[in-house]
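*Asks:* For reference, the structure I am asking about is given below.
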Amino acid sequence: LKNDKLEWVVQKATELGVGRIILMKTKHCVKQDASESFIQRLRKIAQEAAEQSEGAQIPIIDTPQSFNHVIDTAQSLGKVHLLNERGGEAFAGISKGVFLVGPEGGFDESEFLYATSKGVTMVSLGKRILRAETAALAVLAKVLL
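Heads up, the sequence shown is in my numbering, so the first residue is 139 and it goes up one at a time.
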């Protein structure tokens, strides 16, 4: 996501109780690199959001990593679910795990193939195509409910 949208997602995701945010470089990413000062800004936004939310944890915010690296390491954190606007399992009943939200423009076909080869579950939020920032918060809201 572009800076302002990513900052907003970090703020709202913190308020909703996310534990970790892994920034991911994909083929369709608008922003491929993030400076250390930008990562520190995101961490400050998360800290302020946690304080405002009285008791929300401050999520770990990782520096950007390649899509393949995220897939390879995320499995140690829990079951991995990739949001797929083209379809997949219904989201109902999923209450925890790692959720991969695509960039503006969605994931590339090669990324879907790699994720599938690693056993990542494709999930759908329904028939609507959501903006990346909307999808991220929709996932968190569904997990909370």
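Positions of the beta carbon are idealized from the N, C-alpha and C atoms, including for glycine. Because the structure is a prediction, the values reported are computed rather than measured.
Taking Arg179 as part of the beta strand (DSSP E), name the residues at either end of that continuous run.
*Replies:* Numbered from 1 along the sequence shown, position 41 holds the residue referred to as residue 179. Segment Glu174 to Gln190 is the alpha helix (DSSP H) holding Arg179; no beta strand (DSSP E) there.
*Asks:* Relative to the alpha-carbon of Thr211, which residue among Phe237, Ile183 and Val148 has its alpha-carbon at the smallest distance?
*Replies:* For the purposes of this step, residue 211 is identified with residue 73 of the sequence shown, where counting begins at 1. Minimum Cα distance to Thr211 is reached at Phe237.
*Asks:* Following the continuous alpha helix (DSSP H) through Ser255, name the residue where it begins and the one where it ends.
*Replies:* Residue mapping note: residue 255 aligns to position 117 of the sequence shown, counting from 1. Residues Glu247 to Ser255.
*Asks:* Got a sec, what are the start and stop residues for the alpha helix (DSSP H) Ile209 sits in?
*Replies:* Within the sequence shown, the letter at position 71 stands for residue 209. Per DSSP, Ile209 belongs to the alpha helix (DSSP H) from Phe205 to Ala212.
*Asks:* Are at least three pairs of beta-carbons, each pair with one atom in the region 236-256 and one in the region 151-167, less than 8 angstroms apart?
*Replies:* Touching, per the Cβ criterion.
*Asks:* Would you say Ala279 and Leu263 are within 8 angstroms of each other, going by their C-beta atoms?
*Replies:* Walking along the sequence shown from the start, residue 279 turns up at place 141. Walking along the sequence shown from the start, residue 263 turns up at place 125. No.
*Asks:* Quick check: the Cα distance between Leu251 and Val281, rounded to an integer number of angstroms?
*Replies:* Counted from its first residue, the sequence shown places residue 251 at position 113. Counted from its first residue, the sequence shown places residue 281 at position 143. Taking the straight line joining both Cα atoms gives about 26 angstroms.
*Asks:* If we count Cβ pairs, one from each stretch, closer than 8 angstroms, do we get three or more for the region 219-239 versus the region 184-198?
*Replies:* The region 219-239, when compared against the region 184-198, does not touch it at the 8 angstroms Cβ threshold.
*Asks:* Give the straight-line distance between the Cα atoms of Ser255 and Val239, rounded to the nearest whole angstrom.
*Replies:* Position 117 of the sequence shown, counted from the start, is the residue given in the question as residue 255. Position 101 of the sequence shown, counted from the start, is the residue given in the question as residue 239. Cα-Cα distance, rounded: 18 angstroms.
*Asks:* Pick out whichever of Thr201, Leu220, Gln149 and Arg266 has its Cα sitting closest to the Cα of Ala184.
*Replies:* Sequence index remark: in the sequence shown, residue 184 carries index 46 (1-based). When only C-alpha atoms are compared, the closest one is Gln149.
*Asks:* Please name the residue in Arg158, Glu242 and Asp200 whose C-alpha comes closest to that of Ser173.
*Replies:* Start at 1 with the first residue of the sequence shown, and residue 173 comes out as number 35. The shortest Cα separation from Ser173 among Arg158, Glu242 and Asp200 belongs to Asp200.
*Asks:* For His336, list the residues DSSP reports as bridge partners.
*Replies:* Nothing about residue 336 can be read from this structure; the chain reaches only from 139 to 283.
*Asks:* Give the straight-line distance between the Cα atoms of Ala274 and Val147, rounded to the nearest whole angstrom.
*Replies:* In the sequence shown, residue 274 corresponds to position 136, counting from 1. In the sequence shown, residue 147 corresponds to position 9, counting from 1. If I take the Cα positions, the gap works out to 7 angstroms.
*Asks:* Please name the residue, chosen from Lys140, Ile198, Asp142 and Leu139, that lies closest to Gly155 on a Cα-to-Cα basis.
*Replies:* Indexing the sequence shown from 1 puts residue 155 at position 17. Checking every option, the nearest Cα to that of Gly155 belongs to Ile198.
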